[in-house]
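Colleague: Each number in my numbering corresponds to the 1-based position in the sequence shown with 523 added.
Where a beta carbon is used, it is the ideal one built from N, C-alpha and C, also for glycine.
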Amino acid sequence: MVAALVILVGLGIYNSDAVSEFRAHSNNNPQYVFAFVEDCDSGLRDSGYAYAPAGSIVLKQVNRDGTVGEVCTD
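(1) Determine the direct distance from the alpha carbon of Val-560 to that of Asn-586, and round the result to whole angstroms.
(2) Keeping to the same chain, check which residues put their C-beta closer than 8 Å to that of Asn-552; ignore five residues upstream and five downstream.
(3) Going by C-alpha to C-alpha distance, which of Ala-547, Val-556 and Gly-566 sits closest to Gly-578?
(4) Where does Glu-593 fall in DSSP's three states?
(5) Nearest CA to the CA of Asp-569: which residue from Glu-593, Cys-563, Asp-540 and Asp-562?
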């Protein structure tokens, strides 16, 4: 029962508008690094798309060339 609930919640978040927007602007690289940034709103920026549902960022997607750019900057 708990597993079914977790799966349903996960599917709901995965199919949300914000996550769909993140996927549309993603570089499709499955590598991420920890990056703790507070006071950030979700949206497209020069540094990439920021997905910050609680107003902060915890993970940053690694660029295709292996570099990690700035987080949540215009």
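Modeller: Inspection of the coordinates gives the following:
(1) Reading the sequence shown from its first residue, position 63 is the one you call residue 586. Reading the sequence shown from its first residue, position 37 is the one you call residue 560. For Asn-586 and Val-560, the distance between alpha carbons rounds to 18 Å.
(2) Position 29 of the sequence shown holds residue 552. Gln-584, Val-585, Asn-586 and Arg-587.
(3) As a position in the sequence shown, residue 578 is number 55, starting the count at 1. Closest option to Gly-578, Cα to Cα, is Gly-566.
(4) Within the sequence shown, numbered from 1, the residue matching residue 593 stands at position 70. Glu-593: coil per DSSP, three-state reduction.
(5) Walking along the sequence shown from the start, residue 569 turns up at place 46. Ranking Glu-593, Cys-563, Asp-540 and Asp-562 by Cα distance to Asp-569 puts Glu-593 first.
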